[in-house]
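Colleague: Here the sequence shown is numbered in the working numbering, starting from 20 and rising by one per residue. Ideal Cβ positions, reconstructed from N, Cα and C, are used throughout, including at glycine.
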Amino acid sequence: MRNSARLLIVEDDILRMEPLADRSCYTLGRGDADIPLDSFYASREQGSLRNVEGYWFYTDNPQNRNQTRYNGAVISRPMKGLRQPISIHSGDVLRIDSAPWQERSGEGTVLLFLEEEIPSLNLTVLPRRDLDLGGGAMLRFLNDGYYLTGGPVRLNNEQLAEPTLLHEGDRFSSEKHQWFYLGDYLIGTM
Numbered sequence: 020m021r022n023s024a025r026l027l028i029v030e031d032d033i034l035r036m037e038p039l040a041d042r043s044c045y046t047l048g049r050g051d052a053d054i055p056l057d058s059f060y061a062s063r064e065q066g067s068l069r070n071v072e073g074y075w076f077y078t079d080n081p082q083n084r085n086q087t088r089y090n091g092a093v094i095s096r097p098m099k100g101l102r103q104p105i106s107i108h109s110g111d112v113l114r115i116d117s118a119p120w121q122e123r124s125g126e127g128t129v130l131l132f133l134e135e136e137i138p139s140l141n142l143t144v145l146p147r148r149d150l151d152l153g154g155g156a157m158l159r160f161l162n163d164g165y166y167l168t169g170g171p172v173r174l175n176n177e178q179l180a181e182p183t184l185l186h187e188g189d190r191f192s193s194e195k196h197q198w199f200y201l202g203d204y205l206i207g208t209m
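Structural data, given as structure tokens:
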């Protein structure tokens, strides 16, 4: 089992970290869960993270009243039967909220799964306007979305050639910094 895996949790514009090092299965939810979630959008037993021979999986509880998204795509609908485990990788994003399909409520819980060590991560609540990230990287706010511009910038390990609309779960970097785009937030080394 890898000792560097951790879950970064954003609730109410606050970032906290939960290490995933001492066991192979963790429950997520409100109350007595192994990883407690404070948002009232989370169920008491929202889901579980399981490590199987070094590979991590998330399984959503089929009794949830709210939906869960994986890298922006809805993976569950409230009260709809069995859920299959989803293989998760470093940089993947889970979001728990009650927003209609293909929308974000801006509330709820956002979870970022990381397996590599990245020093001094900070949370930025995106201001719904242009944001200069330094090092030539810029976020341009247009039509309720953020476009990444500037250079030299890499998006999901590819050199950015033109302004690109970001999607939840996108990872981008400049020469000295790296960021994870979480819809309403950036987590990065700013």
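Does the beta-carbon of Val71 have 16 or more other beta-carbons within 10 angstroms, so that it is buried, or is it exposed?
Modeller: Against the sequence shown, residue 71 aligns to sequence position 52. Exposed: under 16 other Cβ atoms inside 10 Å.
Colleague: Buried or exposed for Arg35, going by 16 or more other Cβ atoms inside 10 Å?
Modeller: Numbered from its first residue, the sequence shown carries residue 35 at position 16. Its Cβ having fewer than 16 others within 10 Å, Arg35 is exposed.
Colleague: Between the C-alpha atoms of Arg102 and Thr78, what's the straight-line distance to the nearest angstrom?
Modeller: Here residue 102 refers to the residue found at position 83 when the sequence shown is read from its first residue. Here residue 78 refers to the residue found at position 59 when the sequence shown is read from its first residue. If you take the alpha carbons of Arg102 and Thr78, they lie about 7 Å apart.
Colleague: When you compare the CB positions of Glu187 and Arg114, do they come within less than 8 Å of one another, or not?
Modeller: Here residue 187 is taken as the residue at index 168 of the sequence shown, counted from 1. Here residue 114 is taken as the residue at index 95 of the sequence shown, counted from 1. Against a cut-off of 8 Å, the Cβ pair of Arg114 and Glu187 comes out as a contact.
Colleague: Please work out which residues of its chain come closer than 8 Å, Cβ to Cβ, to Pro104, disregarding the five sequence neighbours upstream and downstream, and give them in chain order.
Modeller: The sequence position of residue 104 within the sequence shown is 85, counting from 1. So the qualifying residues of the chain are Arg69, Phe76, Tyr77 and Thr78.
Colleague: Would you check if the distance between the CB atom of Asn90 and the CB atom of Ser62 is smaller than 8 Å?
Modeller: Numbered from its first residue, the sequence shown carries residue 90 at position 71. Numbered from its first residue, the sequence shown carries residue 62 at position 43. No. Outside cutoff.
Colleague: Should Arg148 be labelled buried (16 or more other beta-carbon atoms within 10 Å of its own) or exposed?
Modeller: The residue you call residue 148 lines up with position 129 of the sequence shown. With fewer than 16 Cβ atoms within 10 Å of its Cβ, Arg148 is classed as exposed.
Colleague: Just how far apart, CA to CA, sit Arg15 and Arg159?
Modeller: A query on residue 15 cannot be resolved here, the shown segment of the chain reaching from 20 to 209 and no further.
Colleague: Excluding the 5 residues flanking Glu136 on each side, which residues of the same chain have their C-beta closer than 8 Å to its C-beta?
Modeller: Numbered from 1 along the sequence shown, position 117 holds the residue referred to as residue 136. For Glu136, where only same-chain residues beyond five positions count, the Cβ hits under 8 Å are Ser23.
Colleague: Can you look up Leu130 in the DSSP assignment and give me helix, strand or coil?
Modeller: Taking the first residue of the sequence shown as 1, we reach residue 130 at position 111. Reduced to three states, the DSSP call for Leu130 is strand.
Colleague: Which of the three DSSP states, helix, strand or coil, is assigned to Asp31?
Modeller: Residue numbering aside, residue 31 sits at position 12 when the sequence shown is read from its first letter. Reduced to three states, the DSSP call for Asp31 is coil.
Colleague: List the DSSP bridge partners of Asn141.
Modeller: By one-based count along the sequence shown, residue 141 stands at place 122. Answer is Gly207, bridged to Asn141.
Colleague: How is Ala210 classed by DSSP in three states: helix, strand or coil?
Modeller: In the structure as shown, the chain starts at 20 and stops at 209, and residue 210 therefore has no counterpart that could be examined.
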